[in-house]
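The opening position of the sequence shown corresponds to residue 3 in our numbering, with each subsequent residue numbered one higher.
Beta carbons: idealized from backbone N, C-alpha and C, even for Gly.
Below is one structure, written out as structure tokens, with a few remarks after it.
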Amino acid sequence: MKSSNPVLIQWRRSSAPTADGDAVAPSPAPVGSPSEPLVSLSKAPSPRHAGTTVMTIDDVVNRTAMTLGLAVAVALASWVLFPDSANSGASYGMAGAAAFIALILGLIQAFASRPIPLLILGYAAFEGLFLGIISSAIANSVSSGAVIQAIAGTMAVFVAVLVAYKSRWIRVTPRFYRFAMAAILGFLVLNFGNWVFAAFGADSGLGFRSGGLGVLFGLAGVVIGACFLALHFKQVEDGIAAGAPRGEAWLAAFGLVVTLVWIYVEILNLFTLIDEDDFY
């Protein structure tokens, strides 16, 4: 099983006015520091420009809950609807198709010039279908406790990163940003190479998804996901401080849900490498 996540969020390239009225040149990958925010939300106005309703933390929480809630609801529905065929070829084909559609929708949104709520909710629905089928398959083939522990692990990572970020134990700097981007790029390249080798006959591909190396690779995936959670928290913080339009809360929700799905899939994949007797 490989991660189905689309490319983790690229925030908008649109120019944004500064407090001095100058336009900031578009950038495909903004970096930040206390004086140069990490986030460049699409057309985010300066706080002194009161032309539109600005984004608040409540907006981000509500839209994240809506997006994540839809994914969870569809996942539960797919688990109930396909319980007896979780390990069948048809179910895996459906999971693969759902993951592919979610990937396409995610990439369209990632490169769109503005947040598109229906696209984001569509991504959540198809991602939920994928997650429900593979979770059911893991529960049947490994242990029913694997899914519960993967959910608990994902929640633990989220809470730990949030506490560490709010306590300033984690500081999102340009160096942190570059490390996270380099790590995700390397991870995706190795994952793709592993998949290609496996597709052309090598049983375990390059070995990155099996044995001890697979465990280390999976742990690296979880750590990368945690780094991107910190990046998203920074983006939300900077967006609110800059007076980003309220609609940008959808982008924040999208980024958080993509990353949470990434972490869950990596933890679930780790559990396929652990002996069934180790689960509760």
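**OP:** State the DSSP-derived secondary structure class of residue 56, mapped to helix, strand or coil.
**Re:** DSSP places residue 56 in strand when its eight states are reduced to three.
Original post:
Anyone know if the C-beta pair for residue 245 and residue 82 falls short of 7 Å?
Top reply: Not in contact: residue 245 and residue 82 (Cβ atoms no closer than 7 Å).
**OP:** Verify whether the separation of the beta carbon atoms of residue 238 and residue 63 is less than 7 Å.
**Re:** It is not a contact, given that the beta carbons lie outside the stated cut-off.
**OP:** Report the residue from 92, 264, 150 whose alpha carbon sits nearest the alpha carbon of residue 78.
**Re:** Considering only alpha carbons, the answer is 150.
**OP:** With DSSP collapsed to three states, give me the class of residue 26.
**Re:** Any answer about residue 26 is weak, because its pLDDT of 40 lies below 50 and its placement is not dependable; what the coordinates show is given next. Of the three classes helix, strand and coil, the one that applies to residue 26 here is coil, per DSSP.
**OP:** Return the chain-ordered list of same chain residues with a C-beta closer than 6 Å to the C-beta of residue 185, the five sequence neighbours on each side being excluded.
**Re:** So the qualifying residues of the chain are 226.
**OP:** Could you round the C-beta distance between residue 123 and residue 111 to whole angstroms and report it? I think they count as a contact, below 8 Å.
**Re:** Their Cβ separation, rounded to whole angstroms, is 10 Å, which puts residue 123 and residue 111 out of contact at 8 Å.
Original post:
What residues match up with residue 247 in a beta bridge as DSSP calls it?
Top reply: Beta bridge pairing from DSSP links residue 247 with 56.
Subject >> Residue closest to residue 136, alpha-carbon to alpha-carbon, out of 240, 216, 92 >> reply: In terms of Cα proximity to residue 136, the closest of 240, 216, 92 is 92.
Subject >> Cβ-based burial, residue 321 [other Cβ within 10 Å; buried from 16] >> reply: With the chain represented from 3 up to 282, any question about residue 321 goes unanswered, as that position is not in the structure.
Original post:
Hey, would you say residue 162 sits closer than 7 Å to residue 266, going by beta carbons?
Top reply: Residue 162 is not a Cβ neighbour of residue 266, given a cutoff of 7 Å.
Subject >> Beta-carbon proximity check, residue 140 vs residue 272, cutoff 7 Å >> reply: Going by C-beta atoms, residue 140 is not nearer than 7 Å to residue 272.
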